[in-house]
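Residue numbers (my numbering), protein chains in the order written: chain C, 8 to 118; chain R, 8 to 118.
Here a beta-carbon is modelled for each residue, glycine too, at the ideal position from N, C-alpha and C.
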DNA sequence: ACAATACGTAGGATATTTCCTACCTGTCAA
DNA sequence: TTGACAGGTAGGAAATATCCTACGTATTGT
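Structure representation (structure tokens):
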């Protein structure tokens, strides 16, 4: 399963990709716009090849895309999997609101 | 760093906890309400002690809480870290809306 | 043409995760 | 009291993750 597959990324891929703080930092950097590998690697106390590997994990999870431009590779943020994460989160937000409502009701009953 | 600490869970703990599909299934089961360890373990093709370890990871991330009741332990969902995850997601949703807006504007320009 | 640059891949060392079985403590019920 | 049950912990095997250096390939500039 490499980044060149057209198959959609699984939730597993996305959650696993987000588990690394390095990869979350990479996503945050890409919020500022497209970046080359060297530009990204400059932010880390880590070898460039290791950053390349993290980028591959992010690519496999469809969280970033790459565009070849001469000898550079321009990486861009692809927010769609994060929107699916928001959908995953939705039932838990509902749960949260129910709990808040119950707490408020209990407080109103005994003032 | 055990679950008995009062220190708040880090984003790292939360993302790492969510990286396992078993632990995400545990959270989903707890959406239905409080469950004992045995009730939870019954849903998995895995030994009960292994489920216990997954529960510890979720506890350390403050994603679940436990309440002792006789010889049972009742586990409950604690949605607060997931709400922080939603906050983490926020800038990416803004990014997404910007991108959608740009696409829409481009389409209007060239109909 | 040739050196330098950008970046990926290979192979490997080490750390971490994930599962197991064995075992322990605390609680309940007969 | 004693046996059964709930569930955590210990120790270890196997798989995976994370980093490195060395190297290969494609592109650019001189």
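Check, Outcome
"Burial state of residue 52 (chain R) (16 or more Cβ within 10 Å)", "exposed"
"Option nearest residue 81 (chain C) by Cα separation, candidates C:31, C:36 and C:87", "C:36"
"Proximal residues of chain R, C-beta to C-beta of residue 51 (chain C) below 9 angstroms", "Per Cβ cutoff of 9 angstroms: no residues; residue 51 (chain C) is ~16 angstroms from chain R at best."
"Spatial neighbours of residue 71 (chain C) in its chain, beta-carbon cut-off 8 angstroms, leaving aside the 5 residues before and after", "33, 34, 37, 62, 65, 82, 83, 84 and 85"
"Closest Cα partner of residue 15 (chain R) within the set R:87, R:106, R:48 and R:47", "R:87"
"Cβ pair residue 79 (chain C), residue 43 (chain C) closer than 8 angstroms", "yes"
"C-alpha distance - residue 11 (chain C) paired with residue 47 (chain C), whole-angstrom precision", "Because residue 11 (chain C) carries a pLDDT of 41, less than 50, the predicted location of this residue cannot be relied on, and the following value inherits that uncertainty. Each residue's alpha carbon lies about 21 angstroms from the other."
"Chain-ordered neighbours of residue 93 (chain C) on chain R, where CB pairs are closer than 8 angstroms", "93, 96 and 100"
"Whether residue 29 (chain C) touches residue 92 (chain C) by CB criterion (8 angstroms)", "no"
"Where the beta strand (DSSP E) through residue 74 (chain R) begins and ends", "71-76"
"Cβ of residue 38 (chain R) within 8 angstroms of any chain C Cβ", "yes"
"C-beta contact flag for residue 26 (chain C) and residue 26 (chain R) at 8 angstroms", "yes"
"Through-space distance from residue 99 (chain C) to residue 68 (chain R), alpha-carbon basis", "16 angstroms"
"CB contact check: residue 62 (chain C) to chain R, cutoff 8 angstroms", "no"
"Inside the segment 14-63 of chain R only - alpha helix (DSSP H) runs reaching at least 4 residues", "18-25, 28-37 and 44-48"
"Partners in chain C for residue 1 (chain R), counting only beta-carbon separations shorter than 7 angstroms", "In this structure chain R extends from 8 to 118, so residue 1 (chain R) is not present and cannot be described."
"Whole-angstrom distance between residue 107 (chain C) and residue 114 (chain C), CA atom to CA atom", "11 angstroms"
"Contact with chain C by residue 113 (chain R), beta-carbon distance below 8 angstroms", "no"
"Delimiting residues of the alpha helix (DSSP H) encompassing residue 91 (chain R)", "87-116"
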